[in-house]
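These notes are about the structure you will find just below.
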Amino acid sequence: MNTFSLMLDRKFKLTQHDTTIKKEFTAGTLIYFGMAYILAVNPNILSAAGMDSTAVMLATCLASAVGTFCMGMMANLPFAMSAGMGLNAFFAYTVVIGMGYPWEKALLAVFVEGIIFVILSRCGLREAIFNAIPHNLKVAVSLGIGLFIAFIGFQNVHIAVADGATLVTIADFTANFHSAGITILLFLIGIVITGTLLAFKVPGAMLIGIFATWLVGIFCQMGGAYIPDFEAGYYSLYPQLSLPDFGALGLTFGKCFQAATDFHGWQDILQFIGVVISFLFVDFFDTMGTLTGGAIAGNMLDEEGRLPNAREALTADAIGTTVGAILGTSTITTFVESVLGIVAGGRTGLTAVVTGIWFLVSVLASSVFTSIPSFATAPALLIVGVMMFSNISKFEFDGIDDYLERIPVFLCVISMVVFYSISEGIAFGIVSYVILNLIGKAANTLFEALNYTLLDREDDFKLKPIKTGPVSVVMACVTIVFICKYIWL
0 MNTFSLMLDR
10 KFKLTQHDTT
20 IKKEFTAGTL
30 IYFGMAYILA
40 VNPNILSAAG
50 MDSTAVMLAT
60 CLASAVGTFC
70 MGMMANLPFA
80 MSAGMGLNAF
90 FAYTVVIGMG
100 YPWEKALLAV
110 FVEGIIFVIL
120 SRCGLREAIF
130 NAIPHNLKVA
140 VSLGIGLFIA
150 FIGFQNVHIA
160 VADGATLVTI
170 ADFTANFHSA
180 GITILLFLIG
190 IVITGTLLAF
200 KVPGAMLIGI
210 FATWLVGIFC
220 QMGGAYIPDF
230 EAGYYSLYPQ
240 LSLPDFGALG
250 LTFGKCFQAA
260 TDFHGWQDIL
270 QFIGVVISFL
280 FVDFFDTMGT
290 LTGGAIAGNM
300 LDEEGRLPNA
310 REALTADAIG
320 TTVGAILGTS
330 TITTFVESVL
340 GIVAGGRTGL
350 TAVVTGIWFL
360 VSVLASSVFT
370 SIPSFATAPA
380 LLIVGVMMFS
390 NISKFEFDGI
400 DDYLERIPVF
410 LCVISMVVFY
420 SISEGIAFGI
430 VSYVILNLIG
440 KAANTLFEAL
450 NYTLLDREDD
460 FKLKPIKTGP
470 VSVVMACVTI
480 VFICKYIWL
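Set out below in structure tokens:
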């Protein structure tokens, strides 16, 4: 082992985590290519708010790199960050277009959210909430994310499409076959390729599967089976190389601070606080869910169900958001696609550092990376869903009444997919868990009082108490916050 390898091993504790530089590099690369679509999608969404798309792309690359580097160096965990999907849509369509906010003021709200998160992370509040979630709900978050990320894969390749009668349905394979239809077929081919490589335990199977599927698509375009349809969103599969206009970053850099004086009365300030809280809420629980799901997938939780260096991880996430607002992009958050690298063997911050390096490289070659088609990455997302679903064996229902814990677990899992939100899944799981178990505890107290009056009766006539789960003060407070959120936000 050379000096450089020894240095990396010492810094990231590779031997202690039973991993290698090769594994970490592959995992970090896989994470990047699984989430590179954000470099095309985020500028497209934020440009609707009047922001320059090139500036947003550069800001997204740089902020993602900074946040991901912080995650790797501060927390030594294999999670990557970028502009959160959903949060960017809320930024553009709700805050800017719907509420009439200038995008500079919306960036200020993101910046304030990031500062609040840094404070909450350093004082340990976010870590305390993370640790307070019961074991089975943490497993449920992992299962929910597995289904959620598989659903994202189906959506990205347009095999799952919107339908008025059933909300979602399977796409028509025969319609527009040379654009939509052929990409669905390539997606299925990608599942076969990647699944076969995994079955034969080929190192880097999912990464190889992505590029192999992309290559098959290129051959299809060369042979005329795939025909780009730019209006429908089906672009050329040939990689393109062009340098962005780096000067465009000046159009968004630091603009959030210009909005600090753009307030008119208390009503405007209260509305701004509501926007900050909305960003805060979704980011808080999306990040928590991703860290929980990834940690369970990689067996990274300790014996008490806690994630090592959770405080540093949450601080890194907050730093990413703050830097992103200054550079000119919506909330930077921990990406669920990080699980791609974790299931591929990534266990340390070196995985995150590799992903961060790719984000820096993409500043120069973003046109190449954003040309990777969704049908090439979607099979990996689906297979990650399969891998994460294997965590179902980690449930521990002994000692607690089935329905007091299984109902919250089920609600947590199904809500993530149905409502297309990790945070909503966590909300439904926590609220139902706390309410059901508090009712159970109240019923037990009532039973004890009634049984006290039946001392002379046979045991068969006495009311039997049910076994309930623990409800901490933190969980109770979080439940109140969730309920208030649904009432007022």
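According to numbering that gives the first Met the number 0, the sequence shown is numbered sequentially starting from 0.
Virtual Cβ for every residue (Gly too), placed ideally from N, Cα, C.
Legend entry - SER81 vs PHE334 beta-carbon contact at 8 Å: If you number the sequence shown from 1, residue 81 lands on position 82. If you number the sequence shown from 1, residue 334 lands on position 335. In this structure, PHE334 lies closer than 8 Å to SER81 by Cβ.
Legend entry - Closest by C-alpha distance to LEU7, when choosing among THR25, VAL201, PHE210 and VAL352: Numbered from its first residue, the sequence shown carries residue 7 at position 8. Nearest of THR25, VAL201, PHE210 and VAL352 to LEU7, Cα basis: VAL352.
Inset, instruction - Give every residue of the same chain whose Cβ lies closer than 6 Å to the Cβ of PRO42, excluding the five residues on either side of it in the sequence, and list them in chain order. - result: Along the sequence shown, one-based indexing puts residue 42 at 43. Answer for PRO42: SER52, VAL55 and MET56, listed in chain order.
Inset, instruction - Please check if any C-beta of chain D sits within less than 8 Å of the C-beta of GLY49. - result: As a matter of chain content, chain D is missing from the structure shown, which is built from one protein chain.
Inset, instruction - Out of ASN308, ILE207 and ASN155, point me to the one whose CA is closest to ASN75's CA. - result: In the sequence shown, the residue the question calls residue 75 occupies position 76. The candidate whose alpha carbon is nearest that of ASN75 is ASN308.
Inset, instruction - Taking the CB atoms as reference points, tell me whether GLY327 and THR260 lie closer together than 8 Å. - result: Locating residue 327 in the sequence shown gives position 328, where the first residue counts as 1. Locating residue 260 in the sequence shown gives position 261, where the first residue counts as 1. The answer is no: Cβ separation not under 8 Å.
Inset, instruction - State the DSSP-derived secondary structure class of ASP171, mapped to helix, strand or coil. - result: For the purposes of this step, residue 171 is taken as the residue at position 172 of the sequence shown. The answer is coil: DSSP assigns ASP171 none of H, G, I, E or B.
Legend entry - Cα-Cα separation, VAL111 to GLY216: Here residue 111 refers to the residue found at position 112 of the sequence shown. Here residue 216 refers to the residue found at position 217 of the sequence shown. Taking the straight line joining both Cα atoms gives about 44 Å.
Inset, instruction - Quick one: residues in its chain with C-beta nearer than 6 Å to the C-beta of ASP244, no 5 flanking neighbours on either side, listed in chain order? - result: Taking the first residue of the sequence shown as position 1, residue 244 is located at position 245. Excluding residues within five positions, the ones whose Cβ falls inside 6 Å are THR53.
Legend entry - Meets three-Cβ-pair contact criterion under 8 Å: the segment 305-320 and the segment 62-73: The segment 305-320 and the segment 62-73 touch, with no fewer than 3 CB-CB distances between them shorter than 8 Å.
Inset, instruction - Below 6 Å CB to CB, which residues in the same chain sit around GLY304 once its five sequence neighbours on both sides are set aside? - result: Within the sequence shown, residue 304 is the residue found at index 305, counting from 1. The residues HIS134, in chain order, have a CB closer than 6 Å to that of GLY304 in the same chain once the five nearest residues on each side in sequence are set aside.
Legend entry - Every unbroken alpha helix (DSSP H) within the segment 301-330, with a cutoff of 4 residues, ordered by chain: Here the runs fully enclosed are 309-326.
Inset, instruction - Kindly indicate which residue of ASN436, LEU185 and GLN270 has the alpha-carbon position closest to the one of ALA577. - result: Residue 577 is absent from the model: the chain starts at 0 and stops at 488.
Inset, instruction - Would you check if the distance between the CB atom of PRO77 and the CB atom of THR350 is smaller than 8 Å? - result: Numbered from its first residue, the sequence shown carries residue 77 at position 78. Numbered from its first residue, the sequence shown carries residue 350 at position 351. Taking 8 Å as the Cβ cut-off, PRO77 and THR350 qualify as a contacting pair.
Legend entry - Neighbourhood of SER471 by C-beta distance below 8 Å, restricted to the same chain and skipping five residues each side: Taking the sequence shown and counting its residues from 1, the one referred to as residue 471 is at position 472. The residues are ALA131.
Legend entry - Inter-residue Cα distance where the pair is THR354 and ALA79: Counting from 1 along the sequence shown, the entry for residue 354 is found at position 355. Counting from 1 along the sequence shown, the entry for residue 79 is found at position 80. Approximately 7 Å between the Cα atoms of the pair.
Legend entry - Proximal residues to ILE114 (C-beta, below 7 Å), its chain only, five neighbours per side dropped: Taking the first residue of the sequence shown as position 1, residue 114 is located at position 115. Hits under 7 Å: THR321.
Inset, instruction - Closer than 8 Å by C-beta to LEU300: which residues in its own chain qualify, once you throw out the five before and the five after it? Chain order, please. - result: Translated into the one-based positions of the sequence shown, residue 300 becomes position 301. These residues qualify, in order along the chain: LYS137, ALA294 and LEU306.
Inset, instruction - Kindly indicate the opening and closing residues of the beta strand (DSSP E) around ALA161. - result: What you label residue 161 is simply residue 162 of the sequence shown in a count that begins at 1. 159-162 is the span of the beta strand (DSSP E), which, as asked, contains ALA161.
Legend entry - Proximity winner among PHE32, THR25 and GLY232, relative to SER178 (alpha-carbon distances): Taking the sequence shown and counting its residues from 1, the one referred to as residue 178 is at position 179. Of the candidates PHE32, THR25 and GLY232, the one whose C-alpha sits nearest the C-alpha of SER178 is GLY232.
Inset, instruction - Assign ASP282 to buried or exposed, taking buried as 16 or more other Cβ atoms, counted over all protein chains shown, within 10 Å of its Cβ. - result: Position 283 of the sequence shown, counting from 1, holds the residue named residue 282. That one is buried.
Legend entry - Whole-angstrom distance between PHE172 and SER337, CA atom to CA atom: Numbered from 1 along the sequence shown, position 338 holds the residue referred to as residue 337. Numbered from 1 along the sequence shown, position 173 holds the residue referred to as residue 172. Approximately 31 Å between the Cα atoms of the pair.
Inset, instruction - Confirm, please, whether the CB-CB distance from ILE183 to ALA198 is below 8 Å. - result: One-based indexing of the sequence shown puts residue 198 at position 199. One-based indexing of the sequence shown puts residue 183 at position 184. Result no, Cβ atoms of ALA198 and ILE183 do not sit closer than 8 Å.
Legend entry - Close Cβ partners of ARG121 (< 8 Å) along its chain, the five nearest in sequence each way excluded: For the purposes of this step, residue 121 is taken as residue 122 along the sequence shown, with counting starting at 1. For ARG121, where only same-chain residues beyond five positions count, the Cβ hits under 8 Å are ARG310 and THR314.
Legend entry - Chain-order list of residues whose beta-carbon lies under 8 Å from that of GLN239 (same chain, five-residue window excluded): On the sequence shown, residue 239 is found 240 positions in, with the first residue counted as 1. Correct list, in chain order: SER366, VAL367 and SER370.
Inset, instruction - Check the DSSP bridge columns for VAL4 and list the partner residues they point to. - result: The residue given as residue 4 occupies position 5 in the sequence shown. It should be noted that the sequence gives Ser, not Val, for residue 4. For SER4, which the question treats as bridged, DSSP gives no partner whatsoever.
Inset, instruction - Leaving aside the five residues before and after LEU493 along the sequence, list all residues of the same chain whose C-beta is less than 7 Å from its C-beta, in chain order. - result: Residue numbering for the chain in the displayed model covers 0 to 488; residue 493 lies beyond these limits and cannot be assessed.
Legend entry - Exposed unless 16 or more other CB atoms sit within 10 angstroms - verdict on LYS104: By 1-based counting over the sequence shown, the position of residue 104 is 105. Burial call: buried.
Legend entry - Terminal residues of the beta strand (DSSP E) in which MET80 lies: Your numbering for residue 80 matches position 81 in the sequence shown. MET80 -> beta strand (DSSP E) spans 80-82.
Legend entry - LYS254 - containing alpha helix (DSSP H), residue span: By 1-based counting over the sequence shown, the position of residue 254 is 255. Segment: none, LYS254 is in no alpha helix (DSSP H) and carries neither H nor E.
Inset, instruction - With a threshold of 16 other CB atoms inside 10 Å of the CB of GLY348, please say whether the residue is buried or exposed. - result: By 1-based counting over the sequence shown, the position of residue 348 is 349. By the 10 Å Cβ count, GLY348 comes out buried.
Inset, instruction - Whole angstroms is fine: what's the gap from GLY439's alpha carbon to LEU449's? - result: Taking the sequence shown and counting its residues from 1, the one referred to as residue 439 is at position 440. Taking the sequence shown and counting its residues from 1, the one referred to as residue 449 is at position 450. Going from the Cα of GLY439 to the Cα of LEU449 covers about 15 Å.
Inset, instruction - Pick out whichever of LEU185, GLY189 and LEU437 has its Cα sitting closest to the Cα of CYS219. - result: Here the question's residue 219 lines up with position 220 in the sequence shown. Here the closest residue by C-alpha is LEU185.
Inset, instruction - Could you give the DSSP three-state label for VAL59: helix, strand or coil? - result: On the sequence shown, position 60 is the one that residue 59 refers to. Here the sequence assigns Thr to residue 59, which means Val is not the residue at that position. Of the three classes helix, strand and coil, the one that applies to THR59 here is helix, per DSSP.
Legend entry - Reduced DSSP category for LEU242 - H, G, I as helix; E, B as strand; rest coil: Looking up residue 242 in the sequence shown gives position 243. Looking at LEU242 - three-state DSSP - the assignment turns out to be coil, as it is neither helix nor strand.
Inset, instruction - May I have the straight-line CA-CA distance separating THR25 from PRO464, to the nearest angstrom? - result: Mapped onto the sequence shown, residue 25 falls at position 26. Mapped onto the sequence shown, residue 464 falls at position 465. Their Cα atoms are separated by approximately 53 Å.
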